[in-house]
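*Asks:*
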Ligand code: GDP
Ligand code: MG
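Residue numbers (UniProt numbering): 33 to 193.
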């Protein structure tokens, strides 16, 4: 179907993916990046950082009051994290299905958590859970100047024309 409307194309969908400290320590960064690359998504931002307690409590604002939050804080601040922004059609929902459920005992093989983890307190990777959540988290973790607009040469082979 040809797009005959004069409206500008909608902004591309983006999501925040982070390899948690266990994923970094276990040498899983490359394997996790590869899954998003090979699915057809485009990397538009990436950095390694030591997460502060302040950043984490903003990021997990809805978890702060949970009894397990101190464990989550100790886990997530225990070592470096790789934070990334990935872009593409339906990337928020598709990444959640690639990552698998929060509890790895419920995760199918073939998902990242289902292939690389066995306990909810060491579940290797974060993915935003909604469009609004993704926008909020991307703004929290990245400055606009560190997100790159670039043309990926394989786009025509992964997206509709
Ligand atoms: P996610 O969006 O699938 O990552 O899950 P949530 O947003 O509900 O929780 C955020 C993170 O908190 C999870 O990925 C887990 O690492 C951690 N978490 C969630 N529930 C528990 C729990 O019951 N115990 C512990 N120790 N950690 C949990
Ligand atoms: Mg979540």
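Where a beta carbon is used, it is the ideal one built from N, C-alpha and C, also for glycine.
Report the rounded CA-to-CA distance for residue 132 versus residue 177, giving the unit in angstroms.
*Replies:* Position 100 of the chain shown, counting from 1, holds the residue named residue 132. Position 145 of the chain shown, counting from 1, holds the residue named residue 177. For residue 132 and residue 177, the distance between alpha carbons rounds to 31 angstroms.
*Asks:* Excluding the 5 residues flanking residue 174 on each side, which residues of the same chain have their C-beta closer than 7 angstroms to its C-beta?
*Replies:* Taking the first residue of the chain shown as 1, we reach residue 174 at position 142. Contacts found: 77 and 117.
*Asks:* Below 8 angstroms between beta carbons: does that hold for residue 160 and residue 107?
*Replies:* For the purposes of this step, residue 160 is taken as residue 128 along the chain shown, with counting starting at 1. For the purposes of this step, residue 107 is taken as residue 75 along the chain shown, with counting starting at 1. It is not a contact, given that the beta carbons lie outside the stated cut-off.
*Asks:* Measuring from the CB of residue 121, is there a heavy atom of the ligand MG at a distance below 7 angstroms?
*Replies:* Within the chain shown, residue 121 is the residue found at index 89, counting from 1. No - the ligand MG has no heavy atom lying nearer than 7 angstroms to the Cβ of residue 121.
*Asks:* Tell me whether the beta-carbon of residue 158 lies closer than 8 angstroms to the beta-carbon of residue 64.
*Replies:* As a first step, residue 158 must be located in the chain shown, where it is residue number 126. As a first step, residue 64 must be located in the chain shown, where it is residue number 32. Result no, Cβ atoms of residue 158 and residue 64 do not sit closer than 8 angstroms.
*Asks:* Check the DSSP bridge columns for residue 98 and list the partner residues they point to.
*Replies:* Residue numbering aside, residue 98 sits at position 66 when the chain shown is read from its first letter. DSSP, once it has assigned bridges, lists no residue as partnering residue 98.
*Asks:* Out of 170, 185, 186 and 187, point me to the one whose CA is closest to residue 26's CA.
*Replies:* Because the chain spans 33 through 193 in this model, residue 26 falls outside it and cannot be assessed.
*Asks:* To the nearest angstrom, report how far apart residue 71 and residue 185 are at their CA atoms.
*Replies:* Residue 71 sits at position 39 when you count from the first residue of the chain shown. Residue 185 sits at position 153 when you count from the first residue of the chain shown. Their backbone Cα atoms lie some 15 angstroms apart in a straight line.
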